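Participant: Below: one structure in structure tokens.
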Amino acid sequence: MRPKLTFAIPAYNMERWLPVAVESCLSQTESDIEVLIVDDGSKDMTSVIADRFAEKDSRVRVIHQENQGLAAARRVGQDNATGEFILWLDADDFVDETCAEKMVGLAYQDNVDMVCGNAIVFSDTTFNTREYFYKPEAHRTSFANPDYWKSKVVWRWIFNVDFIRKIDLPHPNYKLGQDVCTMYEALTKVGSFSQCPDFIYYFRQDHKHPGSGISREVEHQLGHFRFVKETLVREKQIKPLVKYLNENYCRDIFKLAPRLVGENAAWRERALEISLEIFEGLDPQWFRKDFLAPELKAREEFLPLIDALIQQNLDAVERALAPLQNKSAKKRSVDKDSPFHVWRRRLKAYFKPHSRQALHVLKKYESAAQQMH
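With the working numbering applied, the sequence shown corresponds to residues -2 to 370, in that order.
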């Protein structure tokens, strides 16, 4: 008999957080689960901790490999999971104890290959919380539902393992934007899926930043839009593509462009090259209100840039970027790590039920992890 759900946990140097992640899986009210830890060449005690869990609970398996990155580690989980369904759990996050019971139960009830759950994002520093794009209960909906055109993370979903192996679900090696590439491939092929209304995933936000650097932002943050374009155009999902480009590409290029000067000027040429590839072959009418209604509104302020990119006119692209990037550069940045803002977020957290719930769940798993070790 296959386990009902595999929690696949890619882990690289996660000794501090891995015990809580694993305990959250082993504490499930649905005990018929598998925990598959992919140790991605960790240099700390991650591998030792993972092996210790495997020795004490037969539901835990560990695969050790040389460091290959998150995409490769997720693929190893996909290829080696024995469960009927899989959930990719970041090693520094944790799940609610009812996650497997509710998510797999809904998949069985509705006979669907994918189920989305709701998530709480929280801060280790202040324990302030927020709901991550909450979605209400839904049964056998589809990607025709505009609520799911902005599905940017894999970790709030379970996937039928046979289904994702059949479609050979990809995990492209982008440091930024990888999840959305995977999600669009899955959502455009799944047919129907359901939405669990409960909060089943807790996401730590403080140390998630993948690092900065011009090369990363150009090759990965901008680069992933090419993958998204290819997927959504191939699957004839034009409105989701326009929504994603309007809300994400335009935001990213306006933030990035003011920095692509001086010693970074060569990266400006590369960023524009990628941008032209993203918009090559697109129809300018797709970005107009007559096409987008009623689900979406046209973003008139972006049309000069978009038209120039579609026309492959670099001079026009530069002219269109100038006023918008200057506006973006003038926005005053807020130091969210200042003592005042930390205090303010701690005060907000005190009055939030989600904050108290997340803290309660975390302390329970931390206590279990300490007893185990």
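From the three backbone atoms N, C-alpha and C, an ideal C-beta is built for every residue, glycine too.
Keep in mind it's a predicted model, so treat the numbers as computed, not measured.
(1) What is the DSSP secondary structure of Phe140, reduced to helix, strand or coil?
(2) Just checking my contact of Ile155 with Phe222 at CB under 8 angstroms: how many whole Å lie between their CB atoms?
(3) Determine the extent of the alpha helix (DSSP H) in which Gln75 is found, giving its start and end residues.
(4) Here's the rule I'm using: 16 or more other beta-carbon atoms within 10 Å means buried, otherwise exposed. How should Ser364 be labelled?
(5) Just verifying my parser: in three-state terms, what is the DSSP assignment at Asn108?
(6) Compute the beta-carbon to beta-carbon distance between Phe93 and Val358, rounded to the nearest angstrom, for a pair I have assumed lies under 8 angstroms.
(7) Between Ile235, Ile211, Arg267, Tyr105, which lies nearest to Phe190 when the distance is taken from Cα to Cα?
(8) I want to know whether the region 135 to 143 touches the region 33 to 40 - three or more CB-CB distances under 8 angstroms.
(9) How big is the Cα-Cα spacing for Trp283 and Val225?
(10) Taking the C-alpha atoms as reference points, what is the distance between Ile30 and Glu98?
(11) Under 8 angstroms Cβ to Cβ from Pro133, same chain only, skipping five residues before and after it: list those, please.
(12) Give me the Cα-Cα distance between Phe251 and Val109, rounded to the nearest whole angstrom.
(13) Is any non-hydrogen atom of the ligand SAM found closer than 7 angstroms to the C-beta of Glu128, if you look at the structure I gave you?
(14) Out of Tyr171, Ala69, Pro237, Phe82, which has the shortest C-alpha to C-alpha gap to Arg153?
(15) According to DSSP, simplified to helix, strand and coil, what is Thr95?
(16) Measuring only the C-alpha atoms, how far is Gln367 from Glu270?
(17) Just to confirm my understanding: we take Asp48, look at its own chain, exclude 5 residues before and 5 after, and list those with CB closer than 7 angstroms. What are they?
(18) Which residues in the same chain have their Cβ closer than 8 angstroms to the Cβ of Pro0, if we skip the five residues on either side of it in sequence?
(19) With H, G and I counted as helix, E and B as strand and the rest as coil, what does DSSP make of Gly114?
(20) Which ranges would you report for the alpha helix (DSSP H) in the region 252 to 293 if only whole runs of at least 4 residues count?
(21) Which of the three DSSP states is assigned to Gln218 in this structure?
(22) Cα separation between Ser352 and Glu244?
(23) Per DSSP, Leu359 forms a beta bridge with which residues?
(24) What are the start and end residues of the beta strand (DSSP E) that includes Glu20?
(25) Quick one: grab the DSSP three-state call for Leu173.
(26) For His168, does the count of other Cβ atoms within 10 angstroms reach 16, so buried, or fall short, so exposed?
(27) Considering just the uninterrupted stretch of the alpha helix (DSSP H) at Phe50, what are its terminal residues?
(28) Where does Thr185 sit, in a helix, a strand or coil, going by DSSP?
Facilitator: Inspection of the coordinates gives the following:
(1) In the structure shown, Phe140 falls within a coil segment according to DSSP collapsed to helix, strand and coil.
(2) Distance from Ile155 to Phe222 at the Cβ level is roughly 27 angstroms; contact not present, criterion being Cβ atoms closer than 8 angstroms.
(3) 67 to 77
(4) Classification of Ser364: exposed, given that the 10 Å Cβ count is below 16.
(5) Residue state, collapsed to three classes: coil.
(6) At residue 93 the sequence reads Asp, which differs from the Phe that was named. Contact between Asp93 and Val358 holds: their C-beta atoms lie close to 7 angstroms from each other, under 8 angstroms.
(7) Tyr105
(8) Counting Cβ pairs under 8 angstroms, fewer than three are found: no touch.
(9) 16 angstroms
(10) Ile30 and Glu98 have their C-alpha atoms spaced approximately 10 angstroms apart.
(11) Closer than 8 angstroms at the Cβ level, and outside the excluded window around Pro133, lie Gln192, Pro194.
(12) 40 angstroms
(13) With respect to the ligand SAM, the structure shown offers nothing to examine, as it has no ligands at all.
(14) Phe82
(15) coil
(16) CA-to-CA, the gap between Gln367 and Glu270 works out to about 52 angstroms.
(17) Val59
(18) Asp29, Ile30, Glu31, Arg56, Thr79, Gly80, Glu81
(19) strand
(20) 262 to 276, 286 to 289
(21) helix
(22) 29 angstroms
(23) For Leu359, which the question treats as bridged, DSSP gives no partner whatsoever.
(24) Here Glu20 belongs to no beta strand (DSSP E); instead the alpha helix (DSSP H) covers 15 to 23.
(25) coil
(26) buried
(27) 43 to 53
(28) coil
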